[in-house]
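Structure first, then comments.
There are 2 protein chains.
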Amino acid sequence: MVTVYGSTPSGNCWKVRQILELTQTPYRWVETDSNAGATRTAEFLAMNPNGKVPLVELDDGARVTESNAILAHFAEKTSWLPPPGLPRTRVFEWLFFEQYSHEPYVAAARNWIRYLKAKERYADRFPEIWQRGHRALAVMELRLKSHPWLTDAGMTIADIALFAYTDVAAEGEFDLAPYPGICHWLDRLRSYPRMRPLSAASAG
Amino acid sequence: MVTVYGSTPSGNCWKVRQILELTQTPYRWVETDSNAGATRTAEFLAMNPNGKVPLVELDDGARVTESNAILAHFAEKTSWLPPPGLPRTRVFEWLFFEQYSHEPYVAAARNWIRYLKAKERYADRFPEIWQRGHRALAVMELRLKSHPWLTDAGMTIADIALFAYTDVAAEGEFDLAPYPGICHWLDRLRSYPRMRPLSAASAG
Chain Y
1 MVTVYGSTPS GNCWKVRQIL ELTQTPYRWV ETDSNAGATR TAEFLAMNPN
51 GKVPLVELDD GARVTESNAI LAHFAEKTSW LPPPGLPRTR VFEWLFFEQY
101 SHEPYVAAAR NWIRYLKAKE RYADRFPEIW QRGHRALAVM ELRLKSHPWL
151 TDAGMTIADI ALFAYTDVAA EGEFDLAPYP GICHWLDRLR SYPRMRPLSA
201 ASAG
Chain V
205 MVTVYGSTPS GNCWKVRQIL ELTQTPYRWV ETDSNAGATR TAEFLAMNPN
255 GKVPLVELDD GARVTESNAI LAHFAEKTSW LPPPGLPRTR VFEWLFFEQY
305 SHEPYVAAAR NWIRYLKAKE RYADRFPEIW QRGHRALAVM ELRLKSHPWL
355 TDAGMTIADI ALFAYTDVAA EGEFDLAPYP GICHWLDRLR SYPRMRPLSA
405 ASAG
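Quick note, the sequences are listed as chains Y and V, same order. Note that the working numbering gives residue 24 to position 24 of the first sequence, counting from 1, and the numbers run on in steps of one. So the number in the working numbering is just where the residue sits in the second sequence, counting from 1, plus 204.
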């Protein structure tokens, strides 16, 4: 059986849980709290030298890291990852956009405010974090104001990856009201079969 | 013919040039200096709302962004991108590692020091940038001290992506001497057929 080392509040870890749910892949979840140092122990670093969750152990013992690489691995040969060619390339454009232009801002603001309670400690960084986060949201809005999904291939792992932290952006004090396209897309994803949004898991 | 909008000193743009050279794809290069604001004009933002280079225009006019998505697009069906399954997933692990854990530190230090001449302006950021950059280099070293390439599939776009900024890490004041595995891997890549390292282009 697949084993997932993950932190429940993490959007990157949520992506893994979600693709396993969608593909109905049985898995075991090992809670691993990176904010508490659980990814920096000698034991964990022996499994992933980069010291990050999520980390997946496949049936044959092979370990896979990087949330978006894991998404692509399990989505291969499903409708959530189109075949090679421009349709697949469009999905990867959004996956790299997510890790480089969205997650470091939208996810960081949330982690610092909600989990590390460090809004004052990082006060000088927030203006840039919020500015860049809004820039990423504006790029998404430009697409989503006139299309149901991020690519023309229907719902794909690009939507799953960007749903992760956009769905909980308010916890990083991002107001999504100026982005009606994003809000409707979030609604579509929340009601997609077998979707279990992070916002539902982390509320309460 | 393929058109590339790129900045010559940029490692992300270099990746695109390199995969086009390797695959012997004819292309036209349009120099676009992001440090001088050329990616923030209304004309450029109409082509890429995220305001970044590289940007590729394919034969049919379709535009593709994100350097690592572009690498995968042109490497499809070549030996530089293994077929779907774990070998391909291994390549994508490194591609996402590059954009999330390596480029924001190793490339940023170089850009701030060499191109923006802003070492004093960002003085408070450098300790963290260097620490995280060295952490990424240590992860690479762990693999490369006992293997010729980053994955078991031979030279792939994972090696090309990480070669880009590692090859010029010294320009960000990263000393590579503690990483003999990386140094030998850089030598192998520099002498790989049709490789035109960024370090050769940006020297002098």
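All residues carry an ideal CB built from backbone N, CA and C; glycine is no exception. All values derive from a computational prediction rather than experimental measurement.
Contacts around residue i, its chain only, beta-carbon distance under 6 Å, and the 5 residues preceding and following it disregarded
i	result
His306(V)	Ala340
Pro286(V)	Arg292, Ala357
Trp205(Y)	The requested residue 205(Y) is not part of the displayed model; chain Y covers only 1 to 204.
Glu171(Y)	Arg110, Arg114
Ser34(Y)	Ser7, Val53
Gly51(Y)	Thr39, Arg40, Leu45
Tyr27(Y)	Val2, Val4, Leu20
The beta strand (DSSP E) enclosing residue i, as first and last residue numbers
i	result
Ala233(V)	The amino acid at residue 233(V) is misidentified as Ala; the sequence shows Trp. Segment 231-235, the beta strand (DSSP E) holding Trp233(V).
Glu173(Y)	Unbroken run through Glu173(Y): none, as it is neither H nor E.
Leu55(Y)	55-57
Residue range of the alpha helix (DSSP H) that includes residue i
i	result
Glu128(Y)	126-144
Leu393(V)	384-394
Gly11(Y)	11-22
Asp159(Y)	157-166
Met47(Y)	42-47
Beta-ladder partner(s) of residue i, from DSSP
i	result
Gly6(Y)	Glu31(Y)
7 Å Cβ shell around residue i - same chain, five flanking residues per side excluded
i	result
Gly204(Y)	The predicted model places Gly204(Y) with a pLDDT of 38, which falls under 50 and marks its position as unreliable; any figure quoted below should be read in that light. So the list is empty, once near-sequence residues are dropped.
Tyr209(V)	Val234, Thr236, Val257, Pro258, Leu259
Arg336(V)	Tyr309
Arg392(V)	Pro352
Trp112(Y)	Ala118, Lys119, Tyr122
Ala257(Y)	Because residue 257(Y) is not part of the residues shown, which for chain Y are 1 to 204, the question remains open.
Thr25(Y)	Val2, Phe74
Residues near residue i in its chain [Cβ-Cβ closer than 8 Å; skip 5 each side]
i	result
Ile70(Y)	Lys15, Val16, Ile19, Pro54, Val56, Val64
Asp263(V)	Met205, Val206
Phe174(Y)	Val106, Ala109, Trp130, Gly133, His134, Leu137
Val372(V)	Gly215, Arg314, Leu402, Ser403, Ser406
Leu380(V)	Leu341, Thr370, Ala373, Ala374, Ile386, Cys387, Leu390
Leu299(V)	Asn272, Leu275, Ala276, Ile361, Ala362, Ala365
Quick one: which residues of the stretch 270-297 of chain V get their C-beta closer than 7 Å to a C-beta of chain Y? List them in chain order. Glu270, Asn272, Ala273, Ala276, His277, Glu280, Pro288, Leu290, Thr293, Phe296, Glu297
Within 7 Å of chain Y by C-beta, residues of the stretch 322-349 of chain V in sequence order: Val343, Leu346
Interfacial residues, the stretch 35-52 of chain Y to chain V, with Cβ spacing under 7 Å: Pro49, Asn50
Let me know the beta strand (DSSP E) ranges lying completely inside the stretch 266-337 of chain V, each 3 residues or longer, listed in chain order. Correct list: 267-269.
Using a Cβ-Cβ cut-off of less than 8 Å, list which residues of the stretch 93-119 of chain Y approach chain V; keep chain order. From the stretch 93-119 of chain Y, only Glu93, Leu95, Phe96, Phe97, Gln99, Tyr100, Ser101, Glu103, Pro104 have a Cβ closer than 8 Å to chain V.
Under 7 Å, CB to CB, which of the residues in the stretch 154-173 of chain Y have a partner in chain V? Answer in chain order: no residues at all.
Below 9 Å between beta carbons is the criterion; list the residues of the stretch 209-230 of chain V that meet it against any residue of chain Y, in chain order. none
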